[in-house]
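Start counting at 1 in the sequence shown, then tack on 484, and there's your number in the working numbering.
All C-beta atoms, glycine included, are put in the ideal place defined by N, C-alpha and C.
Since this is a predicted model, take the numbers as computed values, not measurements.
Structure first, then comments.
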Amino acid sequence: MQTPLEAATPNSESLAARKAWMGLLARAKPGRLADLFPELPAHDLLRAPEIGAVMVRGRIGGTGQPFNLGEMTVTRCALRLGSGAVGHAHVQGRDKGHAVRAAVVDALMQTNQAEALRATVLVPLQAEEVARRANRAAKAAATKVEFFTLVRGEDQ
485 MQTPLEAATP NSESLAARKA WMGLLARAKP GRLADLFPEL PAHDLLRAPE IGAVMVRGRI
545 GGTGQPFNLG EMTVTRCALR LGSGAVGHAH VQGRDKGHAV RAAVVDALMQ TNQAEALRAT
605 VLVPLQAEEV ARRANRAAKA AATKVEFFTL VRGEDQ
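Structure follows, in structure tokens:
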């Protein structure tokens, strides 16, 4: 089965595919994204990078009643390329450059450059994220403690 990122076509309006690449760009390390995509094409800022806060909500047990966990700093940006493609980004933290770069990639993913960009930027970022998650899961599994109770036999 293909992931939404793999199933996206160059001019796809698929909401799931766009959500997948925007999430990947938002979770990427800013320095790594800059390494993979160093040169930004000409663009006009529709919304200059702005720093703000959002309320993070959680659910008890993952499915229970929602509660406010706390605030998180985010940076958002919207821009338009010369071709008319519009890109948006919301990234964690205060890195305006990361938000601009992510918005440019989002805009380019809606053009005929999507396949090349997927191969050079998104696929490496996705592979690194999978490796990071596997490493984190392995570290967590190493700390797992299993409890068991021995039942004593009954006297006969």
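Member of the options whose CA lies at the smallest distance from the CA of residue i
i, options, result
"N552", "V558, I544 and T559", "I544"
"L499", "K628, A624 and Q594", "Q594"
"L601", "E613, E612 and V588", "V588"
"G577", "A615, E638 and A537", "A537"
"A530", "H572, R541, L508 and L509", "It is Leu, not Ala, that sits at residue 530 in the sequence shown. It is H572."
"E523", "R585, R516 and L634", "R585"
"P550", "L606, L517, M539 and A518", "M539"
"H527", "V558, T557 and S567", "S567"
"R564", "G542, P525 and E534", "P525"
"A510", "G542, R541 and E613", "E613"
"P533", "V558, G554 and T547", "V558"
"E555", "A622, I535 and G548", "I535"
"W505", "Q610, G548 and A518", "Q610"
Which of helix, strand or coil DSSP assigns to residue i
i, result
"D579", "coil"
"E534", "strand"
"L592", "helix"
"M485", "With a pLDDT of 44 at M485, under the threshold of 50, the modelled position of that residue is not reliable, and the figure given next carries that caveat. It is coil, neither helix nor strand."
"R616", "helix"
"R599", "It should be pointed out that residue 599 corresponds to Glu in this sequence rather than to Arg. Here E599 sits in helix by DSSP."
"L509", "helix"
"R560", "strand"
"L499", "helix"
"L565", "strand"
"A586", "helix"
Residues of its chain near residue i, where Cβ-Cβ distance is below 6 angstroms and the 5 sequence neighbours each way are ignored
i, result
"P514", "D579 and H582"
"P494", "With a pLDDT of 48 at P494, under the threshold of 50, the modelled position of this residue cannot be trusted, and the question is left open."
"A569", "A591, Q594 and T595"
"A562", "L530, R531 and H572"
"A624", "none"
Residues that DSSP places opposite residue i in a beta bridge
i, result
"P525", "Bridge partners of P525: none, in fact."
"P514", "Looking at the DSSP assignment, P514 forms no beta bridge with any residue, so it has no partner."
"R543", "P550"
"M605", "Looking at the sequence shown, residue 605 is not Met but Val. V605 is not bridged to any residue."
"A573", "C561"
"E555", "M539"
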